[in-house]
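Numbering (my numbering), first residue to last: 4 to 63.
Using N, Cα and C, we set each Cβ at its ideal position, and we do this for glycine too.
Working notes, beginning with the structure itself.
Dropping the structure here:
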């Protein structure tokens with residue numbers, strides 16, 4: 004049994020803080036149409052641990 008995201012499903016990108024609570028996020032590669040999410044783990048390393056926050060979005 005395993006938990007977390009597969010490496011093939013993880014994309015790199017960068018972010019810049021615009022102001023408190025507002026960030027600009029830019030993927031390193033073009034996102035194909037589909038469903039995506041940001042998974043914020045806070046100070047915990049790894050994607051297999053519970054307690055993270057998810058923000059989902061779609062690309063059309």
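Does the separation of the CB atoms of residue 10 and residue 31 fall below 8 angstroms? What you label residue 10 is simply residue 7 of the chain shown in a count that begins at 1. What you label residue 31 is simply residue 28 of the chain shown in a count that begins at 1. Taking 8 angstroms as the Cβ cut-off, residue 10 and residue 31 do not qualify as a contacting pair.
Boundaries of the beta strand (DSSP E) in which residue 37 is found, first to last residue: Here residue 37 is taken as the residue at index 34 of the chain shown, counted from 1. From DSSP, the beta strand (DSSP E) with residue 37 extends over 37-43.
Taking only the alpha-carbon atoms, compute the straight-line gap between residue 34 and residue 17 and give it to the nearest angstrom. By one-based count along the chain shown, residue 34 stands at place 31. By one-based count along the chain shown, residue 17 stands at place 14. Approximately 14 angstroms between the Cα atoms of the pair.
Under a three-way DSSP split, which group does residue 59 fall into? Position 56 of the chain shown, counted from the start, is the residue given in the question as residue 59. Strand at residue 59.
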